[in-house]
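Just so you know, we're using this note's numbering here: the sequence shown kicks off at 7 and counts up by one.
As structure tokens, the structure follows; a few thoughts come after it.
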Amino acid sequence: MVLRQKNMANSSTFHNYFSSLEAFKNHRLCSEIVQRYDIRGIFNQNLTVQDAYVLGHTLTVYFQKQPSVAKPVFIIGHDCRPSYPQLKQALITGITEVGGSVIDVGLAPTPLVNVCTLKKDIFDLPGTVVASIVITASHNPAPYNGFKIMDAFGMPLCGDDLAHLLLHNIKPEAIQQIHERALDGAYLQEQYLTFLLDHFKGLSLHPSKTYIWDTGNGVCGPLVTKLISHLPGEHHMINVQPDASFPDHTPDPSVEKNMTSLKQAILEKKADLGFGIDMDGDRLGIIDSAGNYWNGDKLSYLFAENICQKKSSKIIVDVKSSQTILDHVKELGSQAILCPTGHALIKQQLKKDPKIAFAGEYSGHHYFPHDYCQVDDALFSALTALTIDQNMPFAERWQTLPKVYSIAQRTVTYPTHAEKNAAMEDIKIKVKSLNLDTITIDGIRLSFPNGWGLIRASNTEPALTYRAEAETEQALSEIITLIEQQLLKTDSCETP
Numbered sequence: 007m008v009l010r011q012k013n014m015a016n017s018s019t020f021h022n023y024f025s026s027l028e029a030f031k032n033h034r035l036c037s038e039i040v041q042r043y044d045i046r047g048i049f050n051q052n053l054t055v056q057d058a059y060v061l062g063h064t065l066t067v068y069f070q071k072q073p074s075v076a077k078p079v080f081i082i083g084h085d086c087r088p089s090y091p092q093l094k095q096a097l098i099t100g101i102t103e104v105g106g107s108v109i110d111v112g113l114a115p116t117p118l119v120n121v122c123t124l125k126k127d128i129f130d131l132p133g134t135v136v137a138s139i140v141i142t143a144s145h146n147p148a149p150y151n152g153f154k155i156m157d158a159f160g161m162p163l164c165g166d167d168l169a170h171l172l173l174h175n176i177k178p179e180a181i182q183q184i185h186e187r188a189l190d191g192a193y194l195q196e197q198y199l200t201f202l203l204d205h206f207k208g209l210s211l212h213p214s215k216t217y218i219w220d221t222g223n224g225v226c227g228p229l230v231t232k233l234i235s236h237l238p239g240e241h242h243m244i245n246v247q248p249d250a251s252f253p254d255h256t257p258d259p260s261v262e263k264n265m266t267s268l269k270q271a272i273l274e275k276k277a278d279l280g281f282g283i284d285m286d287g288d289r290l291g292i293i294d295s296a297g298n299y300w301n302g303d304k305l306s307y308l309f310a311e312n313i314c315q316k317k318s319s320k321i322i323v324d325v326k327s328s329q330t331i332l333d334h335v336k337e338l339g340s341q342a343i344l345c346p347t348g349h350a351l352i353k354q355q356l357k358k359d360p361k362i363a364f365a366g367e368y369s370g371h372h373y374f375p376h377d378y379c380q381v382d383d384a385l386f387s388a389l390t391a392l393t394i395d396q397n398m399p400f401a402e403r404w405q406t407l408p409k410v411y412s413i414a415q416r417t418v419t420y421p422t423h424a425e426k427n428a429a430m431e432d433i434k435i436k437v438k439s440l441n442l443d444t445i446t447i448d449g450i451r452l453s454f455p456n457g458w459g460l461i462r463a464s465n466t467e468p469a470l471t472y473r474a475e476a477e478t479e480q481a482l483s484e485i486i487t488l489i490e491q492q493l494l495k496t497d498s499c500e501t502p
């Protein structure tokens, strides 16, 4: 297959970004933007085009050291932030000036780029694909941007591993005067859509049913427009046009207030189901016909149940997740395990243990490694939800969910990461005197006779977060009081 080169200026070179080789060799990314899950910062403050060039350069040099990789190929995509053209140009230049190749998918959801990379053998791809790079800062405000990086085996490159890679793969002598343009990978959008729909060939939606899709002015609008043209039923879309100013709401379906417009549309049109998708397409929330909000927790409960009812399975959910999921999975004769929060850590677990059939996060990331692949894809989750809805409508299913009381995640901020860490250490000491069972895989999850509470340090901000769940309102109030007044000693907190 012959790929067209992108019709874009690619005249930038090393000299567009650095005054000298010495300046290049001494350049370091700001430590605060190389985070546990990705690279993320404010463009032209702590994230620069020089960072993008160095990232492209060092990743290419790193993969060239791997066996049988003479010319590494990267699949890249981006969201709709105003800084993406400059960052993309610098990234591509950094890659191609040391002999790498780029397939540029263009404006695309993170899962699309990752699926093409992970399933490279079934897509039309030239050369040795080694990684995906998506230029995005998810639901952060428009001044932010960043990079999500995943290797060809589904493992994110981030945190300390990425920091080490950036430091030890500078190779100025490899920079070439002549380098190739990026290849146009827009065709992969159609191939991805075909791949996605092939998993739901048996999906039979009633033609009289109505569905609403809220893509939150993120990157999924154009793709969902194509997707629904292949689906039976009546489909409507809101907040379709990609716009990083997010004129209607922040595209974060893990926060209920961001689902307000979708809920209004559902009730006004008397629709059957509505889907809220985040900025870069890897998280999902749902509103049913009665206006009930299905957050990541409740969707994990339903998805896990759907899998475990078919056969005994192994399920993992993150430490923020509801106890009802763990209990229900065990009732169904399957195994449920808590794991640390974060897509990078979840994906490590999925690679380590191929028996895991489903993974869910409180934030709305869901993974179906047996039915799909180890990519958190909101569109696959939405189509899975449509399949489940055919057997019992979500509004009816809501009535059968366990009755528990909980609070959404709350946040206490600190001036610095050091003060946050000191506060967490102080809490660990206090917890020892409570004589409670605890789970400490990620923060401290306290077990009470009729509920639980969690306190953990944010991986990305100088903040502690906490949430709680209980069987009664009184028990929930008591757990919150203990957390706030005995452990955190705060009367007010910044909440999402």
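Every residue gets a Cβ at the ideal spot worked out from N, C-alpha and C, and that includes glycine.
Under the three-state DSSP convention, the category residue i falls into
| i | result |
| --- | --- |
| Glu367 | coil |
| Tyr43 | coil |
| Leu452 | strand |
| Pro228 | helix |
| Tyr104 | As written in the sequence, residue 104 is Val, which differs from the Tyr given in the question. Note: Val104 maps to coil in three-state DSSP. |
| Asp333 | helix |
| Ile313 | helix |
| Gln415 | strand |
| Tyr299 | strand |
| His174 | coil |
| Ile234 | helix |
| Asp383 | coil |
| Glu240 | strand |
| Asp395 | helix |
| Asp190 | strand |
| Pro502 | Confidence is the limiting factor: at Pro502 the pLDDT is only 42, short of 50, which leaves the residue's position unreliable, though a coordinate-based value still follows. Note: Pro502 maps to coil in three-state DSSP. |
| Ile128 | coil |
| Leu389 | helix |
| Asp497 | In this prediction, Asp497 has a pLDDT of 47, which is less than 50 and means its spatial position is unreliable; nothing more can be read from the coordinates. |
Residue span of the beta strand (DSSP E) that contains residue i, given as start and end
| i | result |
| --- | --- |
| Leu470 | 469 to 476 |
| Ala463 | 457 to 463 |
| Asp157 | 150 to 157 |
| Ile283 | 279 to 283 |
| Leu290 | 290 to 294 |
| Ile445 | 443 to 445 |
| Ile508 | Since the first residue of the chain shown is 7 and the last is 502, residue 508 is not available in this structure. |
| Glu38 | Taken as a continuous stretch (DSSP letters only), Glu38 belongs to no beta strand (DSSP E), as it is neither H nor E. |
| His423 | Note, His423: premise wrong, no beta strand (DSSP E); alpha helix (DSSP H) at 423 to 438. |
Rounded separation between residue i and residue j - CA only
| i | j | result |
| --- | --- | --- |
| Pro78 | Lys31 | 22 angstroms |
| Ile272 | Leu392 | 15 angstroms |
| Gln195 | Glu367 | 26 angstroms |
| Thr216 | Leu279 | 7 angstroms |
| Lys353 | Tyr299 | 27 angstroms |
| Asn22 | Glu186 | 16 angstroms |
| Ser25 | Met430 | 44 angstroms |
| Val335 | Cys345 | 15 angstroms |
| Asp432 | Arg473 | 18 angstroms |
| Ala424 | Glu467 | 11 angstroms |
| Val437 | Gln492 | 9 angstroms |
| Asn50 | Gln415 | 31 angstroms |
| Gly123 | Gln355 | First, the amino acid is wrong: residue 123 is Thr here, not Gly. In a straight line, the C-alpha of Thr123 is about 19 angstroms away from that of Gln355. |
| Thr221 | Lys276 | 19 angstroms |
| Ser483 | His145 | 31 angstroms |
| Gly165 | Ala96 | 22 angstroms |
| Thr66 | His33 | 17 angstroms |
| Ile181 | Pro88 | 28 angstroms |
Environment of residue i [buried if 16+ CB atoms lie within 10 Å]
| i | result |
| --- | --- |
| Thr200 | exposed |
| Gln329 | buried |
| Ile184 | exposed |
| Thr406 | exposed |
| Asp85 | buried |
| Lys304 | buried |
| Gly339 | exposed |
| Asp204 | exposed |
| Met156 | buried |
| Ala137 | buried |
Residues sharing a beta bridge with residue i, DSSP
| i | result |
| --- | --- |
| Pro78 | Thr134 |
| Cys345 | Asp324 |
| Leu113 | His84 |
| Val140 | Gly83, Lys154 |
| Phe49 | Leu53 |
| Tyr373 | Ala365 |
| Pro162 | Met156 |
is_contact[residue i, chain C] using C-beta, thresh 8 angstroms
| i | result |
| --- | --- |
| Ser144 | The structure shown contains no chain C; it is built from a single protein chain. |
Where the alpha helix (DSSP H) containing residue i begins and where it ends
| i | result |
| --- | --- |
| Glu479 | 479 to 487 |
| Ile272 | 266 to 275 |
| Ala250 | Unbroken run through Ala250: none, as it is neither H nor E. |
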